[in-house]
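Numbering (this note's numbering), first residue to last: 1 to 277.
Each residue gets a CB set at the ideal place from its N, CA and C atoms; glycine is no exception.
A short worksheet on the structure shown next.
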């Protein structure tokens, strides 16, 4: 199943996504995933914020015409650094012997089509296109032979936007990775792809190809990542895990348009501008 999250008539909805004539369409409303607690609480209290899909007449619409929201509502965003050898090399870093983890705050989430704000504190802001996992059920201390797919609701695209100069200056990555708007995610979540087969991820800036990588080139596979992460951190339903970016990262500038894409997950597109005063 593929699903997105969007606004319609000032209410939040979840929608089933299908490809029609090579273009993604929202074809019907669907139930919200159980981890979206705010949605279910609002629905239970009959608040205007959300709408019960039962009995609501919905006309299919092109995904591009929808007011999309991030398709996830995570309690935390766990990210993996340097999970492609060529990316580690391009930044002058050694290939890690074990996964390198960091966090992005949920406040950094940005919807598809939203604007990446370049903060005045940074002089270089980079794009980093990535595949992300959406956790479907509580995962703690998973063993190497665990059925990891049973813990994953699906996959989506992300852009791990990074203030590269601040990452080097601070000595740790919280501020550089955590600015508001620094985690675009979407446009939909899918359980219909298999990264173990080697899926191509690409990033374009103003239509020019900048990143081209394959999930077959992960240093640490998805089961290895989940085993390592959950040995220390319990992953809750709805949590987001960014799996790392391939080589080709580079700076963004105001008025740029950055697009992250993968077959089966569509295109995550965002514009860039300086943060307003």
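Per DSSP, the continuous alpha helix (DSSP H) segment holding residue 178 begins and ends at 174–178. Sequence-distant partners of residue 5 (beyond 5 residues in either direction) whose C-beta falls short of 6 Å from its own C-beta, in its chain, are 14, 69, 71.
The three-state secondary structure of residue 164, taken from DSSP, is helix.
Separation of residue 24 and residue 166 (C-alpha to C-alpha, rounded to the nearest whole angstrom) is 37 Å. Between residue 239 and residue 92, the alpha-carbon positions lie close to 30 Å from each other.
In the structure shown, residue 74 falls within a coil segment according to DSSP collapsed to helix, strand and coil. For residue 11, there is no enclosing alpha helix (DSSP H); the residue is part of the beta strand (DSSP E) that begins and ends at 11–20.
Within the region 180–265, the runs of beta strand (DSSP E) at least 3 residues long that lie entirely inside it are, in chain order, 183–190, 200–205, 208–214, 240–242, 257–262. Residue pairing from DSSP places residue 155 in a beta bridge opposite 133, 190. Counting other Cβ atoms within 10 Å of its Cβ, residue 107 stays below 16 and is therefore classed as exposed.
Selection 214, 208, 191, 187 evaluated against residue 199 yields 214 as nearest (Cα-Cα).
Membership of residue 126 in any alpha helix (DSSP H) is not indicated; the residue belongs instead to the beta strand (DSSP E) covering 125–127. Look at the beta carbons and you see the region 177–190 not touching the region 225–235: under three pairs across the two are nearer than 8 Å. Shown here, residue 91 sits in coil according to DSSP, grouped into three states, outside any helix or strand. Pairing residue 189 with residue 134 gives a Cβ-Cβ distance under 8 Å. In the three-state scheme derived from DSSP, where H, G and I count as helix and E and B as strand, residue 1 is classed as coil.
When DSSP states are grouped into helix, strand and coil, residue 38 belongs to the helix group. A contact between stretches requires three or more CB pairs, one per stretch, nearer than 8 Å, and the region 248–262 fails this requirement with the region 168–175.
Sequence-distant Cβ neighbours of residue 67 in its own chain, meaning closer than 6 Å and more than five residues away, are 6, 7. A straight-line Cα-Cα distance of about 35 Å links residue 36 and residue 209. Judged by DSSP in its simplified three-state form, residue 68 adopts strand. Take residue 217, set aside five residues on each side of it, and the residues of its chain with a beta-carbon closer than 6 Å to its own are 84, in chain order. The distance from the Cβ of residue 80 to that of residue 100 is about 7 Å, consistent with a contact at the 8 Å cut-off.
DSSP, reduced to helix, strand and coil, places residue 104 within a strand of the structure shown. Secondary structure at residue 142: coil, using DSSP grouped into helix, strand and coil.
About 27 Å separates the beta carbon of residue 252 from that of residue 193, a gap too long to meet the 8 Å contact definition.
Pairing residue 270 with residue 63 gives a Cβ-Cβ distance that is not under 8 Å.
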